[in-house]
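Take the sequence shown: its position 518, counting from 1, is numbered 518 in full-length UniProt numbering, and each next residue is one higher.
All C-beta atoms, glycine included, are put in the ideal place defined by N, C-alpha and C.
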Amino acid sequence: MRLTVAQAVVRFLARQWSERDGVERRFFGGCVGIFGHGNVAGLGQALATSTEDLPYRLSRNEQAMVHTAAAYARAANRLATLACTTSIGPGATNMITGAAGATINRLPVLLLPGDIFSTRAASPVLQELEDQRSYDISVNDCFKPVSRYWDRINRPEQLPSALLAAMRVLTDPAETGAVTLALPQDVQAEAFDWPDELFARRVWHIPRPRPERAALAHAAELIRSAARPIIVAGGGAIYSEATDTLRAFAEACGIPVAETQAGKGALPYGHPLALGAIGATGTTAANTLAREADLVIGVGTRYSDFTTASRTIFAPGAAFLNLNVTGFDAAKLSGLQLVADAREGLSDLLEACAGHSTPAAYRQRAAELTREWDAAVDAAYALEGSPPPQSAVIGAVNAAAGDDGVVVCAAGSMPGDLHKLWRPSGPGSYHVEYGYSCMGYEIAGGLGVKLAAPEREVFVLVGDGSYLMMAQELVTAVADGVKLVVVLVDNSGFASIGRLSESVGAERLGTAYQRRDGGPLPVDLAANAASLGATVLRPESIADLRKALDTARSADATTVIYVRTDRLADDAPSSEAWWDVPVAQVATTSATYAARETYEANKRSQRPHLTPPG
1 MRLTVAQAVV RFLARQWSER DGVERRFFGG CVGIFGHGNV AGLGQALATS
51 TEDLPYRLSR NEQAMVHTAA AYARAANRLA TLACTTSIGP GATNMITGAA
101 GATINRLPVL LLPGDIFSTR AASPVLQELE DQRSYDISVN DCFKPVSRYW
151 DRINRPEQLP SALLAAMRVL TDPAETGAVT LALPQDVQAE AFDWPDELFA
201 RRVWHIPRPR PERAALAHAA ELIRSAARPI IVAGGGAIYS EATDTLRAFA
251 EACGIPVAET QAGKGALPYG HPLALGAIGA TGTTAANTLA READLVIGVG
301 TRYSDFTTAS RTIFAPGAAF LNLNVTGFDA AKLSGLQLVA DAREGLSDLL
351 EACAGHSTPA AYRQRAAELT REWDAAVDAA YALEGSPPPQ SAVIGAVNAA
401 AGDDGVVVCA AGSMPGDLHK LWRPSGPGSY HVEYGYSCMG YEIAGGLGVK
451 LAAPEREVFV LVGDGSYLMM AQELVTAVAD GVKLVVVLVD NSGFASIGRL
501 SESVGAERLG TAYQRRDGGP LPVDLAANAA SLGATVLRPE SIADLRKALD
551 TARSADATTV IYVRTDRLAD DAPSSEAWWD VPVAQVATTS ATYAARETYE
601 ANKRSQRPHL TPPG
């Protein structure tokens, strides 16, 4: 079949499917992009004339389109994603931040940036990076460190192997992340006689590896000998759709479950063994039991420093049992490695530990700690004020979300408050990007979630800082008729970094939005959202906010709810945990020296966790 390279790429992508547990689905839900020099004559022409099932959507920012693809992949439990195409030069490099976020969060996205001429006939072309070391370097080489697979297609003959390698990585739960195929603009337009087999419908099986028998026996022995075990559920528990098995295992063995940011919702709020969030942004219930635990069972977690409270939250002699599809993560904290799919591993553990359960007194203590935390959250949700407290705003959105809602957030003070306060209805109801904590992710990510799960109501919580960095995808949502409920929280600055700045002696430098003379900025973010095509509501109280949320939920189009809050308020209950942020050893203020003393005291509580399991 004679096609150009770009036409071949489009045809191939449209015929890729994923399969797990006998259920097949298209792997690429479409292509998002912005055309320009380097891709318009190749992929642009191919998409415009294609009859294949690969719908194209125009994005408004290249970084945002990758966030949209990553959010789509997460909402689809990594069984599907979007392809992203850009021009060469700035269009390509704008995608690097999104690529880093996707790889850090272990989410499959395919990046197709245009590239310079392979023939070098007219070098240097527009936007070409000239490097004295080699003519085979372009800005697309910047994608190498943040891609799980990277290739440049300099000849048509290279395309089949590159496409198959890309799909292998994208569909491998242990290896997945951003994949970059750099496409020189002349090669994109070059025709070639392709073998028909390249375009056959291809189904990629997503494996569910089982744990090794000896490791499983050792793991069961650890669990049976533990008096105070705790489970830490991470994103892998949700991606592998292991939450029902997790619940069955926890109930059978009487083990309380704490959740990371990516794992929140693994157990629904209200389950007797659900402790909620763990770590620096965790609940006091989870963190108290973590400090007392003699065995920590990690399920699909990579143990970020927020999860471990910078390695201060777990007891010095605690043993770790790590069930993870990735050996790299399973080996962390000197844990016993149970390398397997989360659902299959939990199922085997359930069988191996049959008849074992923790003492009733331990389970009762977990329930009492959770009730105490619930009371603190109830109090935070019930706060009133003018402007409304952020915790009460979260409570109102949580109530409006109901059982079918999804909250989307990424950066600022809200992710920490959400992790502690949000009461998830189950897996998929909580979508906070906190592996990279990328400002600007929120609206673009909400778009990806809605595209992947159109039956769910998507509530985007975004602060003024993130909104000012990347609000453009409101236009995409309006143009494509994709409904979002965006709660824009404006406190005229950076609340999270402001508090952190103050705690380390930086005195909130650069964390308030104001004129050079100290006066307020004459900026109206609500008017800006309206100018981008969204319906805008401006509630001034929590009661007004509840009414606005009801209105937005019943609407057919994207609505932005603009809420003012107090940047200096810190109304969420404390996690009573620590996060390692170094403080200057030498300063001119007593506050900084005091902060340094506190920092050094906390550093002394950090643990290497080198104890062999068992």
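Could you check what DSSP says for I297 in three-state terms: helix, strand or coil? strand
Measure the Cβ-Cβ separation of G345 and P211 and say whether it is below 7 Å. yes
Alpha carbon of A506 to alpha carbon of P113, nearest angstrom: 40 Å
May I have a chain-ordered list of the alpha helix (DSSP H) segments no shorter than 4 residues that lie completely inside the segment 199-242? 213-225, 235-239
Determine, using beta carbons only, whether V460 and H431 come nearer to each other than 7 Å. no
If you drop the 5 nearest sequence neighbours on each side, which residues of the same chain put their C-beta closer than 8 Å to that of D464? L488, V489, D490, N491, S492, G493, Y513, L525
Given a cut-off of 7 Å, decide if Q7 and A46 are closer than it, judged by their beta-carbon atoms. yes
Alpha carbon to alpha carbon, how far is Y303 from K332? 8 Å
So what does DSSP say about P160, is it helix, strand or coil? helix
By the three-class DSSP mapping on this structure, what secondary structure does F249 have? helix
Have a look at V257 and L267 and give me their C-alpha separation to the nearest angstrom. 8 Å
Return the chain-ordered list of same chain residues with a C-beta closer than 7 Å to the C-beta of S466, the five sequence neighbours on each side being excluded. A410, A411, G412, M439, G440, E442
When the distance is taken between beta carbons, is Q158 closer than 7 Å to G42? no
Less than 7 Å between the C-beta atoms of L549 and A400, yes or no? yes
Give me the DSSP bridge partner(s) of F320. V296
Identity of the residue in V299, P582, A64, L500 nearest G234 by Cα: V299
Given that a residue counts as buried once 16 or more other Cβ atoms are within 10 Å of its Cβ, and exposed if not, what is R11? buried
First through last residue of the beta strand (DSSP E) which encompasses R515: Element bounds for R515: n/a, residue is neither H nor E.
Kindly indicate which residue of Y149, D131, H609, T119 has the alpha-carbon position closest to the one of R155. T119
Which complete alpha helix (DSSP H) runs does the segment 403-468 hold, if anything under 4 residues is left out? 414-421, 441-452
Presumed contact (8 Å Cβ cut-off) between L111 and A99, rounded CB distance: 6 Å
Output yes or no for whether 7 Å exceeds the beta carbon distance between T243 and P427. yes
Between the CA atoms of I561 and L537 - distance to the nearest angstrom: 5 Å
Pull the bridge partners of D193 from the DSSP assignment, please. R2
When burial is assigned at 16 or more other CB atoms within 10 Å of the CB, is G33 buried or exposed? buried
Three or more C-beta pairs below 8 Å linking the segment 269-284 and the segment 200-218: no
Beta-carbon proximity check, D348 vs A318, cutoff 7 Å: no
Three or more beta-carbon pairs under 8 Å between the segment 497-511 and the segment 478-488, yes or no? no
With respect to the beta strand (DSSP E) encompassing T559, which residues constitute its N-terminal and C-terminal limits? 559-564
Min CB distance L532 to chain B below 7 Å: The chain inventory of the structure shown lacks chain B, comprising one protein chain alone.
Please name the residue, chosen from A367, T85, G38, that lies closest to R57 on a Cα-to-Cα basis. T85
What would DSSP say about P184, mapped onto helix, strand or coil? strand
What residues are listed by DSSP as bridge partners for S18? R25, W204
Alpha carbon to alpha carbon, how far is A577 from Y362? 22 Å
Could you tell me whether the segment 554-574 touches the segment 380-387, using the rule of 3 or more Cβ pairs below 8 Å? yes
Pull up the CB-CB distance for G385 and T301, whole angstroms please, since I reckon it's below 8 Å. Not quite, the Cβ-Cβ distance comes to about 36 Å (not below 8 Å), so this is no contact.
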